[in-house]
Amino acid sequence: MILIKSEDQIERIRESCQLLAQLHEELASFVRAGMSTMDVDSFAYDYIIRHKGTPAFLHYMGFPATCCISINEEVIHGIPSSDRIIQDGDIVSLDIGINLNGYISDAARTLMIGEVAPETKKLVKVTEESFFKGIERIENGKGRIHDISRGVYTHAVQNGFSVVRDYCGHGVGLEVHEEPQIPNYVSSFSGNPRLREGMVLAIEPMINQGKEDVRVLADGWTVVTRDKKPSSHYEHTIAITKHGVEILTQL
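At position 150 of the sequence shown (counting the first as 1) the number is 149 in numbering that gives the first Met the number 0, and the numbers step up by one without a gap.
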C-alpha cells in the first residue's frame, strides 16, 4: 500500500531531509584520502545525534552502521570498516538516512577523491544527471512511476553505461522502505502506479561503468559489480505536492 502523506507530514519529512542535506554537505568537505570508512561513519553518526536525530539505517534489518559506504566497484550497502582506507582516485558512495522525530529522509551522493579517471568522472556525472532526467519526466506532479524509470534509463544508456536492475528506489518518509518500488528501467513485471499528490519517494539511480550484473559479498550486505568495474549512486528524497515535484534533500 502506498502511503499518502499530509502537508503536515511532508513538512516534518522536509525537516529531516534538510538535516540530511546539510550532513551530505559537511561530508563532501570532510571525506579525503587516507581516512577509513569507519572515520566517515563516526562523523555522520555524531552529526546526526548532535542534531537530535537517529541514524535510520543503524540496525535496520541488521545493518551494523550509520552509513552505507561503497567504494569503486561496490554498488550499494558497503559496511564501514576501520581497515578500509579511502585512496586517491576512489569514488565513494555515501547512502544515509535520518529518523528525525519519526520522519525519515534518505539520500546518496558519490564523491570523487583526488584524481579520478576521466571515464569514472563521466560515470559520476551521468548518474547525477540521470536522477534529474527522471524527475523531468514528471509534469506538474503527474504521470506514472515508469516515466521516472524511463528518464533515468534512457540517459544512462545513451551515455554508454548500464543500469542496475536488482535494486531500486522506493517510497519513504514514515518508514525506511515503503511502496511503491521505483526501478531505474522500464519493465512489464514491475508495478506502474500513477503519481499522486502526497507521495514521498526516494529516487536513486545506480549506474555501472561496465555490465549491469551484480552480486552480494559474503558479508551479506555489500553489493558489487560482477565485472569489478566502477558503479555510481545518486539519490534524493522528493515529494509530489500541489505545486509539482519538490526535492526535499536539496539545500
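We treat Cβ as the ideally placed atom computed from N, Cα and C, and that holds for glycine. In this text, all values refer to a predicted model and were calculated from it rather than measured experimentally.
Q. Between which two residues does the beta strand (DSSP E) harbouring ILE3 extend?
A. No beta strand (DSSP E) contains ILE3, which DSSP labels as neither H nor E.
**Q.** First through last residue of the alpha helix (DSSP H) which encompasses ARG149
**A.** Counting along the chain, the alpha helix (DSSP H) containing ARG149 begins and ends at 144-157.
Q | CB contact check: HIS50 to chain B, cutoff 8 angstroms | A | The question asks about chain B, but that chain is absent: this structure has only one protein chain.
Q) Any chance the region 92-99 sits against the region 113-121, with 3 or more Cβ pairs inside 8 angstroms? A) Verdict: no, contact absent.
Q) For the putative contact between ASN284 and ASP87, defined by C-beta atoms under 8 angstroms, what is the C-beta separation to the nearest angstrom? A) Here the chain comprises residues numbered 0 to 250, so residue 284 is not present and cannot be evaluated.
Q. By how many angstroms is the C-alpha of GLU177 removed from the C-alpha of ILE144?
A. For ILE144 and GLU177, the distance between alpha carbons rounds to 14 angstroms.
Q.
Would GLU73 and SER230 qualify as a contact pair, given that the criterion is a beta-carbon distance under 8 angstroms?
A. Yes; because the gap between Cβ atoms is below 8 angstroms, this pair is in contact.
(Q) Between which residues of its own chain and VAL185 is the CB-CB distance below 8 angstroms, once the five residues before and five after are set aside? (A) Residues HIS145, SER148, ARG149 and TYR152 of the same chain have their beta carbon placed closer than 8 angstroms to that of VAL185, with the five preceding and five following residues left out of the count.
Q. How about THR36 and ILE85: do their beta carbons lie closer than 8 angstroms?
A. Taking 8 angstroms as the cut-off, the beta carbon of THR36 is found closer than this to the beta carbon of ILE85.
**Q.** DSSP state of LEU173 mapped onto helix, strand, coil
**A.** In the three-state reduction of the DSSP assignment, LEU173 falls in the coil class.
Q: Measure how close the beta-carbons of PRO79 and ASP45 come, nearest whole angstrom, since I'm counting them as under 8 angstroms.
A: Wrong, their Cβ atoms sit about 13 angstroms apart, outside the cutoff.
**Q.** Residue closest to VAL156, alpha-carbon to alpha-carbon, out of CYS66, THR53 and GLY209
**A.** Checking every option, the nearest Cα to that of VAL156 belongs to GLY209.
Q | Contact under 8 angstroms by Cβ, VAL261 with ILE246 | A | As shown, the chain starts at 0 and ends at 250. That puts residue 261 outside it, with no answer to give.
Q | Secondary structure of VAL223, DSSP reduced to three states | A | Strand, per DSSP.
Q: From the DSSP output, in three-state form, read off LEU316 for me.
A: Residue coverage of the chain in this structure runs from 0 to 250, which leaves residue 316 outside it and unanswerable.
Q | Buried or exposed by the 16-neighbour rule on C-beta atoms within 10 Å, applied to GLU234 | A | Its Cβ being crowded by 16 or more others within 10 Å, GLU234 is buried.
Q. By Cβ distance, which residues of its chain are closer than 6 angstroms to ARG108, with the 5 residues on each side in sequence left out?
A. For ARG108, where only same-chain residues beyond five positions count, the Cβ hits under 6 angstroms are HIS23 and LEU93.
Q: Would you mind giving the Cβ-Cβ distance between GLY142 and LEU57, rounded to the nearest angstrom? I have them listed as a contact below 8 angstroms.
A: With 8 angstroms as the limit, GLY142 and LEU57 do not qualify as a contact, their Cβ atoms being about 35 angstroms apart.
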